Amino acid sequence: MRTYRNPVIAGWHPDPSVCRVGDDYYLACSSFEYFPGVPIFHSRDLVNWTQLGNVLDRPSQLRLPPGTPSSGGVYAPTLRHHAGRFWLIMSNVPHGGTLLVTAEDPAGDWSDPVHLPGLTGVDPDLAWDAEGNCWCTCAGIEQVRIDPFTGTVLSRPKRLWSGTPGARFPEAPHLYRIGDTWYLLIAEGGTERGHGVSVARGPAPDGPFEPCPTNPILSHRSTDHPIQNTGHGDLVQAADGSWWLVFLGVRPRGGTPGWHVLGRETFLAPVSWVDGWPVVGQVDPLTVAPDAGPAPTSAPVGAAPARDDFDTGVLHPRWISVRSRPPEDVSLAERPGWLTLHARGGSLDDPTVTFVGRRQDQHDVQVRALVDAGRGRGGLAVRLDEQHHYAVEVAGGEVSVRARIGPLAQCLATRSVAGPVVLRIETRASGPEMDHPRQEPDVVRLGLEFADGEFVALAELDGRYLATEVAGGFTGRVIGCYAAAGTIQVDWYDYRSLSSDRLAMADDLIDA
Ligand code: 6LW
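Using our numbering, read the sequence shown as starting at 512 and increasing by one per residue.
Here it is in structure tokens:
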């Protein structure tokens, strides 16, 4: 029996869309208000994924003006390979409309976008029939035919299916021709605890569609499963004929209602077929895979430590910024070996803040950065959005810990320092067994290091306020450096696991 660890892409990577070309798999996710947009990954086994880049990495491809709200921006891409090219269609919410880009090499460059002004629904899908018609199916579930080269809508919208009666938000459609049958996979129930995946089938790309009698084919609603909100899936067939589903899920921690602090992550489950319907197999932190298929036994145990010395002149694709990253504000050349940040917006409350960070992808992490604030002001922050962030900031020879939770903002502690300083943030999850119903999901400690490496925690904060269940929205935590005034320079940024929660959860499972 073979096993692999879930999530297969940890940290917020929601709305995964996957395709296979030969023995290679490619996967893309939503990126919301962050730039560059749409992280794209490669794998040979569906379990171990390497980020190739970001699809939308030029301002000519993606504009996220300051009026783009947090959790607006890029939603729900569909990635397909057709006629020798990769195609990726997505929405830029609320004002950017539907965008379609193509590439011969998924590592880039991707084209500038074709806009589809005639298309208003979100979560667009692309499918081609044998005659070469291109069908675009959106949330609702509605469908039109399009010319993917010009963005012209060629037919009137047709309502295909409203999902299961009583379930809200039929969305995230993906349409596939499998044998002689067309399958319409959707998400429904909303992207919170009620989320699920359902399926219908029909004789043609535009139906009529007959719902699967056992819908939803995936949902953890109303269970005590450690992985919740499972939904928004995409099917892929491996080269050996086995079938798999990638989908999003969350890992809530703490008491009730449970807070997930890492956002919606990408999970993988095996799929079998019974009576012509897909049946989704076991989904657990340690998932048992059928002997067929590509899933290997050696999945990564948590993220590898990632240290960035900013010495190469190019930022790794894992680094993301808030809405834009103007080269005049973010530079690796200005002081070689350092990341230089010039403030635009006044603070982390500002939609144009100069910020460079990476997704938090494990519950227990330690992040350190050597920051030279000179005459500027800035530091290291855990960001959920403009209204929810904790930071350790340095300015004028003083380090301070600041927190904003909704309308409440406070400076919690200060300490005098001289010269560049190592700022440190640690997050520690509460145990899987909760002590009391209000137990926090994790604790966030913020402070600085003395020259001998000793950590001085200036504040210890309840992590629930940087969780989606409090802040709302579709993203998760990002931990990074920012400039709030003047210029901030960062010599290195070191991100490491404090324990492997994925391994710990898997061990629990083996013992059980
Ligand atoms: C997306 C919708 C969803 O449009 O969340 O989980 C929305 N599903 O399909 C944003 O990611």
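All C-beta atoms, glycine included, are put in the ideal place defined by N, C-alpha and C. It should be emphasised that the depicted structure is a prediction, and the values quoted were computed from it without experimental measurement.
By DSSP's criteria, residue i is part of a beta bridge. Which residues make up the other side?
i	result
residue 962	Partner(s): none; residue 962 has no beta bridge.
residue 603	585 and 608
residue 554	536
residue 649	653
residue 620	DSSP, once it has assigned bridges, lists no residue as partnering residue 620.
residue 565	550
residue 843	Paired residues: none, contrary to the question.
residue 682	698
residue 874	DSSP, once it has assigned bridges, lists no residue as partnering residue 874.
residue 879	935 and 1005
residue 625	611
residue 597	592 and 614
residue 528	539
Does DSSP put residue i in a helix, in a strand, or in coil?
i	result
residue 869	strand
residue 811	In this prediction, residue 811 has a pLDDT of 49, which is less than 50 and means its spatial position is unreliable; what the coordinates show is noted afterwards. Reduced to three states, the DSSP call for residue 811 is coil.
residue 904	strand
residue 517	coil
residue 991	strand
residue 760	strand
residue 667	coil
residue 829	coil
residue 974	helix
residue 1013	Because the pLDDT of residue 1013 is 45, which lies under 50, any placement of that residue in the model is unreliable, and the number read from its coordinates should be weighed accordingly. Residue 1013: helix per DSSP, three-state reduction.
residue 672	coil
residue 849	coil
residue 777	strand
residue 630	coil
residue 783	strand
residue 738	coil
residue 746	strand
residue 639	strand
residue 613	strand
residue 854	coil
residue 957	strand
residue 693	strand
residue 523	coil
Residue range of the alpha helix (DSSP H) that residue i falls in?
i	result
residue 864	No alpha helix (DSSP H) holds residue 864; DSSP gives it neither H nor E.
residue 981	979-982
Nearest to residue i by CA position, among the options, is which residue?
i	options	result
residue 934	942, 941 and 925	925
residue 1002	599, 914, 849 and 607	849
residue 565	979, 665 and 547	547
residue 829	795, 870 and 823	870
residue 756	748, 763 and 762	748
residue 989	960, 892 and 674	892
residue 751	976, 770, 555 and 985	555
residue 999	938, 880 and 897	880
residue 991	911, 969, 576 and 877	877
residue 746	688, 714 and 799	688
Note the first and the last residue of the continuous beta strand (DSSP E) segment covering residue i.
i	result
residue 937	932-940
residue 909	909-916
residue 726	Run containing residue 726: none; DSSP gives neither H nor E here.
residue 818	817-819
residue 720	First-last for residue 720: undefined, no H or E at that position.
residue 797	797-800
residue 927	919-927
residue 789	788-791
residue 999	998-1008
residue 891	888-896
residue 713	707-713
Can you say whether residue i is buried or exposed, counting buried as having 16 or more other CB atoms within 10 angstroms of its CB?
i	result
residue 921	exposed
residue 886	exposed
residue 825	exposed
residue 873	buried
residue 758	buried
residue 802	exposed
residue 721	exposed
residue 961	exposed
residue 918	exposed
residue 661	exposed
residue 819	buried
residue 616	exposed
residue 530	buried
residue 665	exposed
At a cut-off of 6 Å, is residue i close to ligand 2 when judged by its beta-carbon and the heavy atoms of the ligand?
i	result
residue 778	Although ligand 2 was asked about, the structure shown includes only ligand 1 as ligands.
Could one say the Cβ of residue i lies closer than 7 Å to chain B's Cβ atoms, at least one of them?
i	result
residue 642	Absent here is chain B; the protein component of the structure consists of one chain.
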